[in-house]
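A.B. asks:
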Amino acid sequence: MERVRAGLMERTYLEAISDGLRVALAEDDRVMLLGEDIGAFGGAFKVTAGLQQEFGADRVFDMPISEEAIIGGAVGAAIVGMRPVCEMQFADFVSCAFDQLVNVAGKLHYRLGLAAPIVVRLPSGGGVGGGPYHSQNPEAWFMHAPGLKVVAPSSAADAKGLLLAAISDPNPVIFLEHKYLYRRIRGEVPDGHYETPLSAQTVREGEDLVVMAYGAMVHAALEAAESIPEASVRVLDLRSLVPLDERAILDAVHDCAKVVIVDEANYTCAAGAQVASLIAQRGYEDLDGPVVRVATPDVPIPFAPALEQAVLPGAASIAAACRELLAY
Amino acid sequence: MERVRAGLMERTYLEAISDGLRVALAEDDRVMLLGEDIGAFGGAFKVTAGLQQEFGADRVFDMPISEEAIIGGAVGAAIVGMRPVCEMQFADFVSCAFDQLVNVAGKLHYRLGLAAPIVVRLPSGGGVGGGPYHSQNPEAWFMHAPGLKVVAPSSAADAKGLLLAAISDPNPVIFLEHKYLYRRIRGEVPDGHYETPLSAQTVREGEDLVVMAYGAMVHAALEAAESIPEASVRVLDLRSLVPLDERAILDAVHDCAKVVIVDEANYTCAAGAQVASLIAQRGYEDLDGPVVRVATPDVPIPFAPALEQAVLPGAASIAAACRELLAY
Amino acid sequence: MLLTRAVEERGLSLYKQGRVTGSFYDGRGQEATAVGATFALAAADPVCPLIRDLGAHIVKGTSPAAILGHYLGRAQGVSHGREGNVHLGDSERGVVGMVSMLPGMMPVAVGMAWAFKLRGEQRCALAFFGDGATSVGDWHEAMNLAGLQRVPAIFVLEHNGYAYSTPSSRQFVVDPLERAAVYGMAGVAVDGNDVEAVFEVTREARERALEGGGPTLIAATTMRMHGHGAHDDASYVPAEELELWAGRDPIEGQAARLRELGVEVEAIAAAVRTEVDAASAEALAMAPPDPAGVLEGVFCEGEARVVGAGAAPWSGFAPA
Amino acid sequence: MLLTRAVEERGLSLYKQGRVTGSFYDGRGQEATAVGATFALAAADPVCPLIRDLGAHIVKGTSPAAILGHYLGRAQGVSHGREGNVHLGDSERGVVGMVSMLPGMMPVAVGMAWAFKLRGEQRCALAFFGDGATSVGDWHEAMNLAGLQRVPAIFVLEHNGYAYSTPSSRQFVVDPLERAAVYGMAGVAVDGNDVEAVFEVTREARERALEGGGPTLIAATTMRMHGHGAHDDASYVPAEELELWAGRDPIEGQAARLRELGVEVEAIAAAVRTEVDAASAEALAMAPPDPAGVLEGVFCEGEARVVGAGAAPWSGFAPA
Ligand SMILES: Cc1ncc(C[n+]2csc(CCOP(=O)(O)OP(=O)(O)O)c2C)c(N)n1
Ligand SMILES: Cc1ncc(C[n+]2csc(CCOP(=O)(O)OP(=O)(O)O)c2C)c(N)n1
Ligand SMILES: [Mg+2]
Ligand SMILES: [Mg+2]
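In order, the protein sequence lines correspond to chains A, B, C and D.
Taking my numbering, I'd label the letters of the first sequence as residues 4 to 331.
Taking my numbering, I'd label the letters of the second sequence as residues 4 to 331.
Taking my numbering, I'd label the letters of the third sequence as residues 3 to 322.
Taking my numbering, I'd label the letters of the fourth sequence as residues 3 to 322.
Written out as structure tokens, the structure reads:
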């Protein structure tokens, strides 16, 4: 259910996230922000710029370089009633907090009936010359860890709406914000509080084939679809990976019969593998061709632009996959 | 290529692993063992019993409770020529060493051309009343981390052969040894040094349907197959998850046309999701029915036997899935 | 303490009867530390127990029947069959159950204490852990953050000289108590087998915490009188060491002091036996959990329930 | 040092010209620490540099052209385009390139040193890290393990008072140098801007290490004269602080001392300029990497190549 209050404004994806944080801090004093250099400095990407000045140093905290303690501390604060929102400086550093997320936060409710409403913001993804340690897409690791929700907005409006939904959620939510989209994507973003549901959304209609993607790859998929005027290509933005909108996925397969699934993450055991396996099991009868995946091969993301572009999926590789499948 | 020297002996799965370690320590003084309580005590499961006495406290080390430092230290020793074999006391604790594995060990060769020949032994899996923290199957996390090999033997002979292959391998290898099999499975194990290839193996012939599994689930699959005398059910033991034997998987689909894929790990983004997605893309034309997955649902593994048995796949749930698919 | 030991003894005998799955872990010989420290908390102060701290649950008011039912994996046990052995925690009573990963609850305790400080509440959080757990990165991050934010937290190191089979000499070269200072926090040594002494240093630490004096590391020296778990005969512990510590039994020590004060210790012991007998019967009568609900509760669906402010029937303080 | 600074200056100007992707990180003002410490190693002693340690690469003999080619992501750069900015390392020369995760190479350095000790080799391993990195769990685990095993390792803390924008006062309350003692290792303070002093304490630490005296923590006080990266104007650093440190420039300091000894510093500087001009031209002429090979080398296929015993043209010692 989306609650929208008066007013719309053109904002970048990054500004939308900042605005979401501002709204949450203003309306709920349980909300606190934790992260490295997020205070006066405003964070490595300036997402939290101005928030410490506005809400005070007892709401927005510069943390020591201690990812485990950031997440563990957030869980502690959450279970006594706070709503901590953590920033990893880059998504890549979430590996350093893996144990707290997977073993503490994720299992707390099932084991002890204790909810841990934390949000972990992960500036993720490649395409920016970040090399092996500033380009990773860690979502699949957390999809494979029961008890964690995982969302990955592709538009400015969804970025804010999913962030506010994540903060309201009584569960730990991994929030993937794509660095490549930060300043490249803009759109109309409602003012004030609204929440985007954790479900998929059709962002381009079509009937011959559906491309499923999330995050930055949604834009690559849209570009690919535009480049194939001879066919009617639907694009489904998954938006939420846990919970996964299985209904929407199967409906799209039912409607289109051909499907291409895109991951920016490494191929093996990626989100797309799960989506493909779902379709192969429960959408099998609707299929009219193989379930095609496009993903980054199983390599660390190389630094040099020529190499990085050679491994990341893009409009061209997605379009090629679509064309081949359309011809099937 | 399997090198087998004279002599065979009935050994348990656990004894086979111990023997593999003994052979490696004896034949290569670069091999060193690192782990908690693995010295005089012989490890939580007694896999290393007697090895410190036999090879000395400068080959078999009791480590402080420092999983990151165990893996990182092993990487350091490996890049200057040692062959460290690390034991996590339970596979579950590998989450504490996640960063060193994924970001240091896995990416070292691609980035710097430096090999890190370490082996990380993970006593994994459920069925033993271990509860949420002593039952996990973490393999999919590492399958989604480029640069790590992942193997999961199901038999005593493969346990030793894959361990020796892992120790010889110039890359970091995650070695999943299933706790449930430790003392329950025994078989003929060749003496001395031999290596099992990192490839799949058909452990039961059949033509109507193939069940793909690894680790303890191979035994559940075999039991399920036996329980369906009216059909010819093949069982493919994947054995190696990275590299994944895509050829063997697709060949089996080609031969049987129906496939059930079993994971003891949690469903979403498990190894089985990858296998299923592979088949849905590249084996689609050979399929004669949906690609069926059987896996532990996305819950922490509960402690009480009645609950644990309700979530883990077993012969009964696998057989039911087979029967349904056979009737398709 | 008597109750703690009696419940653990009962749990152990149930285990030996094959009624408890997995292994069984107890805190034999260390009861004074968990009991004394938890007794010094107010009802609203949450506690994060570890392996040897059944006493913390008991002091916080978790019933023996609920604990035995937990060991047995029954539906009405504390964890409804989802958790086993020492991984219990009745959060309504302010007990946050441990994770296996050592010492994973320390950062969580820091976070709770931090929230109390931010909200200006007169509460503190206490976390227990062993000497072995000090080697883990989480220990350092939590200690450093606690010192930095001067949170009202109490860290109780249960220094029993062993981590499973590993003696402290293979865990660290400098006693962790000395590490308190490098995190800018107070460090206090105490005889972990003297329940009144543990109570007293914890009471002081709590006072310091609530006055804004920051966290305290309490190092309680004690001895694990059983193996790491019931499967471990602890043959790696020298017999003399065990003998020495047998003479320092925390329960006998306190009993002697109480007798001098005229307390009828034997009557209490008898009452405890009766209570545990009843609890055991109650627990054995509990139904196993219904597998039908096994998939429920991975996610919280309604309002997030927070750690309770506790009932603390045994607290040295009135509810805060 | 001159060469270090010149190479970084050139890298920075290439970055400003838009020829370097991502961001650019340099160690302006900290050159003496990396150079002095690495100079005190033998050729066979591996080093794990961090963000501010281009000097370590230079001292180990990595050529300016290979470094500039690395910044530019060229095929003949140190990393063949696979890595960028400070994440380089020529392992043939005993340089193990850093990972981003701080201080992820510390446990690795401990492992290398440990192997040397086990094999009875007269080698040690050195790891650099910043004040901010001391808050990470890995730091603690590595320090503790190094102290326990008394490995021949040298840890060089480059204490510049900031971690990105975060001042040390929000990183810890007690100077990390004081932490050396709680791991049972020697701790030595040094003026990180005095190259000879850094050399001397490192030389002593190496001697201690090889004699079995265990690891040393060297705390080198210095100042990061640029922002964290080229995108950061470091406006959070008080101007007076920068001014003060500008007067302590490590290169000017050494130049003055050298001039007194009659060394023709200007001639050296001119030679360095010429060398870097040539290197820059060479690097700019290098081809970009061929995407055809991008998937190769995730796994090692042949024999595992080990960290080289180095060439160390600039070492204060003969090859070990
Ligand atoms: C991170 C981690 N690694 C390994 C283990 C396995 N383990 C369980 S208890 C234990 C020993 C704990 O020793 P200590 O902290 O001294 O506590 P004690 O049992 O003596 O009370 C070990 C190694 C664990 N629980 N967590
Ligand atoms: C585990 C981890 N968390 C966060 C970061 C992001 N990061 C990169 S450099 C840096 C500051 C490092 O400060 P310090 O260790 O003092 O080194 P300096 O840059 O001052 O040399 C941070 C937070 C990181 N690299 N690793
Ligand atoms: Mg102990
Ligand atoms: Mg610094």
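Glycine included, every Cβ here is placed at the ideal spot set by N, Cα and C.
None of these values were measured; they are calculated from a predicted model.
Return helix, strand or coil for Phe41/D, following the three-state DSSP convention.
C.D. replies: helix
A.B. asks: CA-CA distance, Asp193/D and Glu242/D?
C.D. replies: Whole-angstrom Cα-Cα distance: 19 Å.
A.B. asks: In the DSSP output, which residue or residues are listed as bridge partners for Ile156/C?
C.D. replies: Residue pairing by DSSP puts Ile156/C in a beta bridge opposite Leu128/C and Thr218/C.
A.B. asks: Going along the chain, which residues of the segment 125-140 of chain A sit with their C-beta nearer than 9 Å to a C-beta in chain D?
C.D. replies: Val131, Gly132, Gly133, Gly134, Pro135, Tyr136 and His137
A.B. asks: Please list the residues of the segment 87-117 of chain C that have a C-beta atom closer than 8 Å to any C-beta atom in chain A, keeping them in chain order.
C.D. replies: His89, Gly91, Ser93, Val98, Gly99, Val101, Ser102, Met103, Gly106, Met107, Met108, Pro109, Val110, Ala111, Val112, Gly113, Met114, Ala115, Trp116 and Ala117
A.B. asks: According to DSSP, simplified to helix, strand and coil, what is Ala216/B?
C.D. replies: strand
A.B. asks: For chain A, is any of its Cβ atoms less than 9 Å away from the one on Ala232/D?
C.D. replies: no
A.B. asks: Rounded to whole angstroms, what's the CA-CA distance from Leu24/B to Thr51/B? Just pull it up for me.
C.D. replies: 8 Å
A.B. asks: Quick check on the burial criterion: 16 or more other C-beta atoms within 10 angstroms. Buried or exposed for Tyr331/B?
C.D. replies: exposed
A.B. asks: Is there a C-beta anywhere in chain C that falls below 9 Å from the one on Val302/B?
C.D. replies: yes
A.B. asks: Do the segment 176-189 of chain B and the segment 143-152 of chain B meet, that is, are 3 or more Cβ pairs less than 8 Å apart?
C.D. replies: yes
A.B. asks: Can you tell which of Leu246/C, Thr276/C and Asp133/C has its C-alpha closest to the C-alpha of Asp177/C?
C.D. replies: Asp133/C
A.B. asks: Kindly indicate which three-state DSSP category Cys89/B falls into: helix, strand or coil?
C.D. replies: strand
A.B. asks: Give the secondary structure of Glu233/A by DSSP, where H, G and I count as helix, E and B as strand, and everything else as coil.
C.D. replies: coil
A.B. asks: Against chain A, with Cβ distances strictly below 9 Å, would Asp196/C count as a contact?
C.D. replies: no
A.B. asks: Does the beta carbon of Phe131/C sit closer than 9 Å to a beta carbon anywhere in chain D?
C.D. replies: Interface with chain D (9 Å Cβ-Cβ cutoff): Phe131/C is excluded.
A.B. asks: Listed by chain order, which residues have C-beta atoms less than 7 Å from any heavy atom of ligand 1?
C.D. replies: Glu39/B, Asp40/B, Ile68/B, Glu70/B, Gln92/B, Phe93/B, Phe96/B, Cys99/B, Leu52/C, Ile53/C, Arg54/C, Ser102/C, Met103/C, Leu104/C, Phe131/C, Gly132/C, Asp133/C, Gly134/C, Ala135/C, Val138/C, Glu160/C, Asn162/C, Tyr164/C, Ala165/C, Tyr166/C, Arg226/C and His230/C
A.B. asks: What are the start and end residues of each continuous beta strand (DSSP E) run of 3 or more residues lying completely inside the segment 230-304 of chain A, in chain order?
C.D. replies: 236-240, 243-245, 262-269 and 294-299
A.B. asks: Measure how close the beta-carbons of Val9/C and Ile53/C come, nearest whole angstrom, since I'm counting them as under 8 Å.
C.D. replies: Actually they are not in contact, since the Cβ atoms of Val9/C and Ile53/C sit about 15 Å apart, beyond 8 Å.
A.B. asks: The segment 134-167 of chain C: which residues have C-beta closer than 7 Å to a C-beta of chain B, in chain order?
C.D. replies: Gly134, Ala135, Ser137, Val138, Gly139, Ala165, Tyr166 and Ser167
A.B. asks: Given this structure, state the Cα-to-Cα distance separating Asp55/C from Val314/B, to the nearest angstrom.
C.D. replies: 30 Å
A.B. asks: From Ala322/D to Thr218/D, what distance separates their C-alpha atoms?
C.D. replies: No answer about Ala322/D holds up, because its pLDDT of 38 lies below 50 and its placement is not dependable.
A.B. asks: Run down chain A in chain order and give the residues with a C-beta less than 7 Å from the C-beta of Ala58/C.
C.D. replies: None at all; the shortest Cβ gap to chain A is about 15 Å.
A.B. asks: Just checking: is the beta-carbon of Glu70/B within a distance shorter than 9 Å of some beta-carbon in chain C?
C.D. replies: Yes, Glu70/B counts as interfacial toward chain C.
A.B. asks: Smallest Cα separation from Gly24/C: which of Ala160/B, Gly132/B, Glu229/B and Ala274/B?
C.D. replies: Gly132/B
A.B. asks: With respect to the beta strand (DSSP E) encompassing Ser282/C, which residues constitute its N-terminal and C-terminal limits?
C.D. replies: Premise fails: Ser282/C lies in the alpha helix (DSSP H), Val267 to Ala287, not in any beta strand (DSSP E).
A.B. asks: Which chain B residues are close to Pro291/C, counting only those with a beta carbon under 7 Å from its beta carbon?
C.D. replies: Ala307, Ala309 and Leu310
A.B. asks: Sorted by chain position, which residues of the same chain lie with C-beta nearer than 6 Å to Leu104/B's C-beta, five sequence neighbours on each side aside?
C.D. replies: Ile74
A.B. asks: From this set, Leu36/A, Ala19/A, Gly46/A and Met12/A, which residue's C-alpha is nearest His230/D's C-alpha?
C.D. replies: Gly46/A
A.B. asks: Figure out for me which residue from Leu17/B, Pro156/B, Glu288/B and Ala72/B has the closest Cα to the Cα of Ala203/B.
C.D. replies: Pro156/B
A.B. asks: By the criterion of Cβ-Cβ separation under 7 Å, what are the contact partners of His147/A in chain B?
C.D. replies: Ala143, Trp144, Asn269, Thr271, Cys272 and Ala273
A.B. asks: So with Cβ pairs under 9 Å, would you call Gln173/D a contact of chain A?
C.D. replies: yes
A.B. asks: Assuming Leu11/A and Pro193/A make a contact with CB atoms under 8 Å, what is their CB distance in whole Å?
C.D. replies: 6 Å
A.B. asks: Looking at the unbroken alpha helix (DSSP H) that takes in Asp22/B, where does it start and where does it end?
C.D. replies: Where Asp22/B is concerned, the enclosing alpha helix (DSSP H) stretches over Tyr16 to Glu30.
A.B. asks: DSSP state of His161/C, grouped into three classes?
C.D. replies: strand
A.B. asks: Which residue comes first and which comes last in the alpha helix (DSSP H) that contains Ser343/A?
C.D. replies: Outside the modelled stretch of chain A, which goes from 4 to 331, sits residue 343/A, for which no answer is possible.
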